[in-house]
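Contents: one structure, followed by commentary.
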Amino acid sequence: MKPFLTFCALCCFIGIFKLPIEYYTFLRILVSIGALLVLYNTLSSKQHYFSIIFLVILILFNPVFPIYLYRKNIWIPLDTVTGVLFLLINFAERKEQKKEEETAEETAPHIPLIHQRTVSRDRIINPKKTKQE
Numbered sequence: 015m016k017p018f019l020t021f022c023a024l025c026c027f028i029g030i031f032k033l034p035i036e037y038y039t040f041l042r043i044l045v046s047i048g049a050l051l052v053l054y055n056t057l058s059s060k061q062h063y064f065s066i067i068f069l070v071i072l073i074l075f076n077p078v079f080p081i082y083l084y085r086k087n088i089w090i091p092l093d094t095v096t097g098v099l100f101l102l103i104n105f106a107e108r109k110e111q112k113k114e115e116e117t118a119e120e121t122a123p124h125i126p127l128i129h130q131r132t133v134s135r136d137r138i139i140n141p142k143k144t145k146q147e
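Anchor point for the sequence shown: position 72 equals 86 in the working numbering, and the numbering is continuous, going up by one each time.
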């Protein structure tokens, strides 16, 4: 997923230039798929601030019911901000994964071994004396 998000960001940055309309249709489809992926991942990890942002991006770039702004100078900042957001979510997830790995490594040595010998104070001792004693 990381290379796909980087590709989405790169395509958004390329969309700043004057290109044929077919590229912008491709960009709408690509950004919509990327926004859906990010939306799914952020909702499952309960990051609602990113979910709201990428929902707006999904609505703005959707290819089914396209929103036409008709002026290139309006789309240039939108493409730039969208590309930066894709890169941000790409690197923000990497930092979170590294933190999760570090916490897993820190807690791993502290897990008690299953086959450890029990301490004598943990053994159950029958207080009643047997008849043989």
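Using N, Cα and C, we set each Cβ at its ideal position, and we do this for glycine too.
Quantities reported herein were computed from a predicted structural model and do not represent experimental measurements.
Residue from the options with nearest C-alpha to residue i
| i | options | result |
| --- | --- | --- |
| N55 | Y82, F21, F100 | F100 |
| L69 | S46, P80, I28 | S46 |
| M15 | L33, G48, I28 | G48 |
| D42 | I66, Y84, D93, K86 | A small fix is needed here, since residue 42 is Arg in this sequence, not Asp. Nearest C-alpha to R42: D93. |
| F40 | P80, K86, Y84, H62 | P80 |
| Q61 | A106, N87, K86, T117 | A106 |
| C26 | F75, Y84, I66 | F75 |
| P226 | L44, V95, Y84 | Limits of the chain in this structure are 15 at one end and 147 at the other, which puts residue 226 out of reach. |
| E36 | I67, I66, P77, F21 | P77 |
Cβ-based neighbour list, residue i, same chain, cut-off 7 Å, excluding 5 preceding and 5 following
| i | result |
| --- | --- |
| I103 | L19, V52, F64 |
| S58 | none |
| L50 | L72 |
| Y38 | G29 |
| R85 | none |
Per-residue DSSP class, three states only, for residue i
| i | result |
| --- | --- |
| N87 | helix |
| Y38 | helix |
| S58 | helix |
| I47 | helix |
| V70 | helix |
| K16 | helix |
Sequence-distant residues of the same chain with beta carbon closer than 8 Å to residue i, five excluded per side
| i | result |
| --- | --- |
| I90 | I30 |
| E116 | none |
Own chain partners of residue i with C-beta closer than 6 Å, once the 5 adjacent residues on each side are dropped
| i | result |
| --- | --- |
| A23 | G97, F100, L101 |
The ligand FAD heavy atom lying under 6 Å from the CB of residue i
| i | result |
| --- | --- |
| G97 | Only the bare structure without any ligand can be found here, which leaves the ligand FAD out of the picture. |
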